[in-house]
Each structure stands twice: as C-alpha cells, then as structure tokens.
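Protein chains in written order, with the working numbering: chain A, 114 to 382; chain B, 8 to 254.
Glycine residues also receive a C-beta, built at the ideal position from the N, C-alpha and C atoms.
The structure presented is a predicted model; accordingly, all values stated were derived computationally and were not measured.
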C-alpha cells in the first residue's frame with residue numbers, strides 16, 4: 114500500500130485485499146450482475162413513486178415511534194429504578210405485558226379493538242380528531258410507540274440503576290435540586306450507558322415496522338406486497354425490499370455510532 | 008356467585024360464552040392455536056440451538072471463508088425484518104424442494120405449515136443463537152480448555168465435558184431471551200396464513216366482533232407462556248450456577 118493513502122482507506126484495503134475475500138467479492142459482484150441481467154425488474158419504473166412514498170412512511174413511522182416511545186421510557190425506567198411502589202409496580206406490569214405478548218397482537222388489539230369502539234361514541238365522531246382516527250396510521254404509531262416504550266423502559270431501568278451512587282450523592286451535597294440532578298447528572302450518564310443497547314433496539318424497531326402493513330398502512334413492505342399481487346413476480350420485490358431494509362439498518366447503526374462518539378467526548382475508556 | 012356477577016355486569020356473560028370450549032364458543036380454537044404456536048416455538052428454538060452451536064464453533068474455529076460466510080449470515084438475518092425472511096424462505100424453500108423432487112421424478116408436495124414455520128424461524132433463531140453461544144464460549148477461561156487438551160481429550164470430548172458445561176450458565180440469559188423471541192415470532196406466521204394463536208384469535212374476533220375479549224384472552228395466553236418459561240429458565244440457571252461465585 115502506498116504510504117500517502119489515508120489511514121481509514123488503508124484499513125479497509127487491508128481488510129478486503131486478502132485472497133479469499135477478493136474471491137468472495139468477485140462472486141458477490143457476479144451474483145449481482147446475474148440478478149440484474151436475468152431477473153425481472155421491468156416493474157420498477159411503474160412503482161417507483163409508490164415505493165418512495167412507502168420508504169418515507171416507514172422512516173417517519175420509525176423515527177416518530179422511537180421518539181415518542183423513548184420519551185415514555187424515561188419515566189417508566191425512572192419509576193422502576195427509584196420510584197415509590199405505587200409507581201414502580203404499574204410501570205413493571207406495563208413492561209412485562211408489552212414484552213410478553215407479540216407486537217402483531219397488540220397492533221390488532223389497538224386497531225380492531227379501539228377502531229370498533231370509537232364510532233360508538235358520538236362525541237368522538239364529532240370531534241376534530243375524527244378525520245385522523247378514521248385512518249390507520251395513528252393506531253400503527255400508537256402500537257409501535259407503546260411497544261418501544263415497554264422494551265426501552267426495561268433498558269432505562271438498568272441504565273438508571275448502573276449510575277454510581279456516589280455521583281448522585283455528590284450532586285446532592287452540592288445543593289442541586291432533585292430535578293437538576295436528574296437533568297444534569299443522572300439522565301446524561303444513564304443515556305450514555307444505554308446508547309449501545311438503544312442502537313440495537315432501534316434496528317429491532319425498524320424490523321417491526323412492516324407489521325403495520327397488516328392494518329392497511331402503505332409502508333414500503335405493503336408496496337412490495339402489491340407488486341407481488343399485481344405482477345405475480347415473487348422474488349425480485351422481496352430481495353429489493355430486503356436490500357432496502359439492510360441499508361436502513363446500516364444507516365441506523367452509523368447514526369448511533371456518531372451519537373455514541375458525541376456522548377463519549379472527554380471520557381477515558 | 009357467577010349469576011350475581013352476570014347480573015351486575017352483563018357483558019361478562021357474553022365474553023365467557025364467547026370463550027367457552029364448546030363449539031358455539033371459540034375457546035377450543037384458541038387453545039388449538041396456542042398448542043400450534045408452542046410446537047413451532049419449541050421446534051424453532053431447538054433448530055436454532057443446533058444451527059447456533061455449529062455457527063459459533065465455525066466462527067471461532069473455522070477457516071477464513073467459513074468465518075466470513077457466517078458473518079454474512081448473522082448480519083443479514085439480524086438486519087432484515089423476520090417477516091420478509093419468512094416470505095423469502097417460505098417461497099424459496101417450497102420452490103427449491105419441489106424442483107428437486109421434480110428433477111428426481113417425484114410429484115411436488117405441499118409443505119405442512121408446522122414444518123415450514125419451524126424451518127424458517129429456526130434459521131432466524133440460528134443467527135441470534137450463533138452470537139449468544141459465541142460470546143459464551145469465548146468467555147470460558149482458556150486455561151480450562153488447555154488443561155483438557157493436556158489430559159489428552161479430543162475436540163469433541165473437550166467440548167462435551169469442559170466447554171459446554173462451563174459456557175452454559177453464561178449463555179442461559181441470552182438463550183432465555185431467544186426463547187421469548189421465538190414464542191412471539193410465531194405470531195408472524197399468521198401473515199402467511201398459518202393458523203396459530205394470533206390468526207385463530209383474529210378469525211374468532213372477526214366472526215363475533217368481540218375484539219377486546221379475544222385479543223385480551225390471546226394476550227393472556229401468550230403472557231402465561233412467557234411468564235412460565237421465564238420461571239423455568241430461572242430455575243435451570245440457578246441449577247447450573249450451583250457452586251459458582253455469584254457475579
């Protein structure tokens with residue numbers, strides 16, 4: 114390798130330029146070329162607009178449900194780690210129920226259950242929210258957010274508990290109020306400890322989003338299913354779909370890597 | 008007692024009748040679905056353990072090509088939604104099997120839902136089990152394995168007598184997590200039309216319009232499965248940790 118190469122590039126070159134890896138890369142390129150030439154892709158231009166809308170819907174459902182879910186997870190974790198019993202017990206029960214039942218069941222309970230309950234109340238039908246409640250995505254967002262909150266509540270409980278007690282005592286002896294301790298000391302350190310887990314959990318949440326297609330939300334998975342039904346082409350849309358999800362998973366992993374680097378500034382490992 | 012409850016809360020009687028085990032009620036269907044879910048979960052978990060054991064040993068002791076291929080397998084399976092893997096493996100699996108049968112001169116067969124479900128979820132579980140078992144095997148102290156070698160034990164005997172029992176307590180928390188994922192992932196087979204608990208529940212709920220009754224009952228069944236198995240795993244873990252210093 115020439116010594117003028119930049120170190121990151123050189124590291125990649127050292128990893129890839131090994132005989133068996135070169136053969137594997139060649140095989141992979143061969144498979145991709147074969148797939149591009151001999152499989153059927155003529156449907157792509159016709160469905161590309163729909164696919165882009167689908168990807169966008171998947172991404173905002175993921176982002177919003179992670180945000181809402183995490184906002185709920187912080188009090189859930191705090192209640193379990195340090196709360197009084199009348200708060201800790203319901204928080205633990207919520208996390209157990211969410212983690213102990215399949216998301217598909219929760220989704221269908223919320224969509225079919227609440228969806229059949231709401232129209233019975235005239236004041237809901239006359240409210241301003243009704244145009245939204247007649248669509249499917251609010252139920253999808255609610256189910257995904259609650260599910261994320263249940264799993265992350267458990268993660269945050271562990272993270273809050275793992276912050277050394279001396280830190281909190283030191284903050285108290287400096288005269289900080291309980292809210293200031295939470296905001297300045299407890300939450301940042303718990304977050305920093307939870308970040309690697311949260312990255313993995315966000316990928317898991319992404320893998321759960323295609324379930325919303327079963328309640329008529331047109332995400333990218335639903336678009337691929339429609340291609341399959343319209344054209345009777347089975348493998349090509351599924352393979353492209355798998356590739357799209359792999360790219361999204363890669364982007365999530367990268368984003369959390371950057372976040373971790375940002376949060377670990379000034380910390381000696 | 009029940010009559011008094013029914014008079015106070017009439018909806019309860021309707022719900023109980025819906026859930027009764029005799030034909031007008033749908034309780035029998037729900038229990039049959041739960042039994043199917045449990046069978047698939049157990050099968051997939053065991054298949055995943057077998058794949059995971061070989062995968063972990065391959066990742067740790069295999070040649071460079073085997074290691075890279077296993078890395079591709081675990082990365083892809085963990086990055087693509089289970090639902091899509093189930094569809095791809097289900098279609099590709101039946102296709103390949105039938106092509107092979109046709110090539111050998113047999114008639115194509117319809118693959119049973121239970122077998123397909125076990126195979127597909129087993130491949131997914133195998134990727135996660137590979138990582139769990141690899142981590143556990145790696146944390147067995149090297150000296151123990153070297154001591155076994157020094158006593159003249161072969162690779163198989165070393166694994167059976169030393170590595171396996173020493174890594175089991177370390178692997179159990181991860182494996183119990185995997186078992187919970189297996190029970191919940193069986194619900195995904197509802198989407199490919201296999202009548203396990205979630206699909207049976209949806210059919211019962213759709214037919215009677217009593218959505219809350221059936222979905223809550225199914226939720227209770229799933230919760231029962233996960234809570235009981237949590238206890239069982241806790242007991243196994245305590246048993247295998249006997250004589251070890253608490254971490």
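*Within the same chain, show all residues whose beta-carbon is closer than 7 Å to that of residue 372 of chain A, passing over the 5 residues directly before and after it, in chain order.*
As a working mapping, residue 372 of chain A is identified with position 259 in the first chain. Excluding residues within five positions, the ones whose Cβ falls inside 7 Å are 308.
*Return no unless some Cβ of chain B is closer than 8 Å to the Cβ of residue 133 of chain A.*
The count along the first chain starts at 1 and reaches residue 133 of chain A at position 20. Closer than 8 Å: yes.
*Interfacial residues, the stretch 200-231 of chain A to chain B, with Cβ spacing under 7 Å*: 210, 213, 214, 215, 217, 218, 221, 222, 225, 226 and 229
*Quick one: does residue 316 of chain A have its CB under 8 Å from some CB of chain B?*
Locating residue 316 of chain A in the first chain gives position 203, where the first residue counts as 1. Taking Cβ atoms only, chain B reaches closer than 8 Å to residue 316 of chain A, which makes this a yes.
*Three-state secondary structure (DSSP) at residue 44 of chain B?*
The residue given as residue 44 of chain B occupies position 37 in the second chain. Three-state DSSP puts residue 44 of chain B in a helix.
_I believe residue 127 of chain B touches residue 97 of chain B by the beta-carbon criterion, under 8 Å. Please report the beta-carbon distance rounded to the nearest angstrom._
Locating residue 127 of chain B in the second chain gives position 120, where the first residue counts as 1. Locating residue 97 of chain B in the second chain gives position 90, where the first residue counts as 1. In this structure residue 127 of chain B touches residue 97 of chain B by the C-beta definition: roughly 6 Å separates them, less than 8 Å.
*For the stretch 181-198 of chain B, which residues have a beta carbon sitting closer than 9 Å to at least one beta carbon of chain D?*
Looking at the structure shown, chain D is missing, and the protein chains on hand are A and B.
*Determine, using beta carbons only, whether residue 252 of chain A comes closer than 8 Å to chain B.*
In the first chain, residue 252 of chain A corresponds to position 139, counting from 1. No - not a single Cβ of chain B is within 8 Å of the one on residue 252 of chain A.
*Could you tell me if residue 30 of chain B is buried or exposed, where buried requires 16 or more neighbouring beta carbons within 10 angstroms of its beta carbon?*
Here residue 30 of chain B refers to the residue found at position 23 when the second chain is read from its first residue. Counting Cβ neighbours within 10 Å, residue 30 of chain B comes out exposed, since fewer than 16 surround it.
_Exposed unless 16 or more other CB atoms sit within 10 angstroms - verdict on residue 114 of chain A_ = Translated into positions along the first chain, residue 114 of chain A becomes position 1. Because the pLDDT at residue 114 of chain A is just 46, under 50, the model does not fix this residue reliably, and the point stays unresolved.
*Using a Cβ-Cβ cut-off of 8 Å, state whether residue 80 of chain B counts as contacting chain A.*
As a first step, residue 80 of chain B must be located in the second chain, where it is residue number 73. Residue 80 of chain B is outside the set of residues whose beta carbon lies under 8 Å from a beta carbon in chain A.
*Give the DSSP-derived three-state secondary structure of residue 113 of chain B in the structure shown.*
Here residue 113 of chain B corresponds to residue number 106 of the second chain, with the count starting at 1. Here residue 113 of chain B carries a coil assignment [DSSP, helix/strand/coil].
*Mapping DSSP to helix, strand and coil, what is residue 332 of chain A?*
Walking along the first chain from the start, residue 332 of chain A turns up at place 219. Three-state result, residue 332 of chain A: coil.
*Compute the Euclidean distance between the alpha carbons of residue 9 of chain B and residue 338 of chain A, then round it to the nearest angstrom.*
As a first step, residue 9 of chain B must be located in the second chain, where it is residue number 2. As a first step, residue 338 of chain A must be located in the first chain, where it is residue number 225. Cα to Cα, residue 9 of chain B sits roughly 48 Å from residue 338 of chain A.
_I need the boundaries of the alpha helix (DSSP H) containing residue 316 of chain A, first residue and last residue._
On the first chain, residue 316 of chain A is found 203 positions in, with the first residue counted as 1. Segment 300-321, the alpha helix (DSSP H) holding residue 316 of chain A.
_If we define contact as Cβ-Cβ less than 8 Å, is residue 257 of chain A a contact residue for chain B?_
Stepping through the first chain from its first residue, residue 257 of chain A is reached at position 144. Residue 257 of chain A does not count as touching chain B.
*How is residue 234 of chain A classed by DSSP in three states: helix, strand or coil?*
On the first chain, residue 234 of chain A is found 121 positions in, with the first residue counted as 1. The answer is coil: DSSP assigns residue 234 of chain A none of H, G, I, E or B.
*Could you check what DSSP says for residue 225 of chain B in three-state terms: helix, strand or coil?*
In the second chain, counting from the first residue as 1, residue 225 of chain B sits at position 218. Three-state result, residue 225 of chain B: helix.
_Among B:132, B:204, B:100 and B:133, whose alpha-carbon lies nearest the alpha-carbon of residue 227 of chain B?_
Locating residue 227 of chain B in the second chain gives position 220, counting from the first residue. Of the listed residues, the one whose Cα sits closest to residue 227 of chain B is B:204.
*For the alpha helix (DSSP H) that contains residue 260 of chain A, what are its first and last residues?*
Taking the first residue of the first chain as position 1, residue 260 of chain A is located at position 147. Start and end: 250-275.
_Nearest neighbour of residue 166 of chain A, chosen from A:334, A:367 and A:204 [CA to CA]_ = The residue you call residue 166 of chain A lines up with position 53 of the first chain. Nearest option by C-alpha distance: A:334.
*Which residues in chain A sit within 7 Å of residue 71 of chain B, going by Cβ to Cβ distance?*
Along the second chain, one-based indexing puts residue 71 of chain B at 64. 133, listed in chain order.
*Shortest alpha-carbon distance to residue 60 of chain B belongs to which of B:133, B:147, B:70 and B:183?*
By one-based count along the second chain, residue 60 of chain B stands at place 53. Nearest C-alpha to residue 60 of chain B: B:133.
*Starting from residue 148 of chain B, follow the alpha helix (DSSP H) in both directions and report where the run begins and ends.*
Counting from one through the second chain, the residue named residue 148 of chain B turns up at place 141. From DSSP, residue 148 of chain B is part of no alpha helix (DSSP H); its letter is neither H nor E.
*asked:* Does residue 172 of chain B pass the burial test, meaning 16 or more other C-beta atoms within 10 Å, or should it be called exposed?
replied: Start at 1 with the first residue of the second chain, and residue 172 of chain B comes out as number 165. Under this definition residue 172 of chain B is an exposed residue.
*When the distance is taken between beta carbons, is residue 165 of chain B closer than 8 Å to residue 144 of chain B?*
The residue given as residue 144 of chain B occupies position 137 in the second chain. The residue given as residue 165 of chain B occupies position 158 in the second chain. Cβ distance not < 8 Å, so residue 144 of chain B and residue 165 of chain B don't count as in contact.
*CB-CB length for residue 208 of chain A against residue 267 of chain A, believed under 8 Å*: As a position in the first chain, residue 208 of chain A is number 95, starting the count at 1. As a position in the first chain, residue 267 of chain A is number 154, starting the count at 1. Residue 208 of chain A to residue 267 of chain A, Cβ: 5 Å. Contact.
*Expressed to the nearest angstrom, what Euclidean distance is found between the alpha-carbon atoms of residue 118 of chain B and residue 199 of chain B?*
Position 111 of the second chain, counting from 1, holds the residue named residue 118 of chain B. Position 192 of the second chain, counting from 1, holds the residue named residue 199 of chain B. If I take the Cα positions, the gap works out to 13 Å.
*asked:* Taking its Cβ as the centre, do 16 or more other Cβ atoms sit within 10 Å of residue 350 of chain A, making it buried, or is it exposed?
replied: Taking the first residue of the first chain as 1, we reach residue 350 of chain A at position 237. So residue 350 of chain A ends up on the buried side.
*asked:* Going by beta-carbon coordinates alone, are residue 230 of chain B and residue 214 of chain A separated by less than 8 Å?
replied: Translated into positions along the second chain, residue 230 of chain B becomes position 223. Translated into positions along the first chain, residue 214 of chain A becomes position 101. Contact flag set, yes.
*asked:* Using 8 Å as the threshold, is the C-beta distance between residue 288 of chain A and residue 365 of chain A below it?
replied: Mapped onto the first chain, residue 288 of chain A falls at position 175. Mapped onto the first chain, residue 365 of chain A falls at position 252. Not closer than 8 Å, so no.
_Below-8 Å beta-carbon distance, residue 98 of chain B vs any chain A residue_ = Along the second chain, one-based indexing puts residue 98 of chain B at 91. Closer than 8 Å to some Cβ of chain A, the Cβ of residue 98 of chain B qualifies, so yes.
_By the 8 Å beta-carbon criterion, what residues does the stretch 345-363 of chain A contribute toward chain B?_
347, 348, 351, 352, 354, 355, 358, 359, 362 and 363
*Could you tell me whether any Cβ in chain B is nearer than 8 Å to the Cβ of residue 277 of chain A?*
Looking up residue 277 of chain A in the first chain gives position 164. So, not an interface residue.
_Sequence-distant residues of the same chain with beta carbon closer than 6 Å to residue 181 of chain B, five excluded per side_ = On the second chain, residue 181 of chain B is found 174 positions in, with the first residue counted as 1. Correct list, in chain order: 139.
*Going by the beta-carbon positions, is the gap between residue 186 of chain A and residue 269 of chain A smaller than 8 Å?*
Along the first chain, one-based indexing puts residue 186 of chain A at 73. Along the first chain, one-based indexing puts residue 269 of chain A at 156. Result yes, Cβ atoms of residue 186 of chain A and residue 269 of chain A sit closer than 8 Å.
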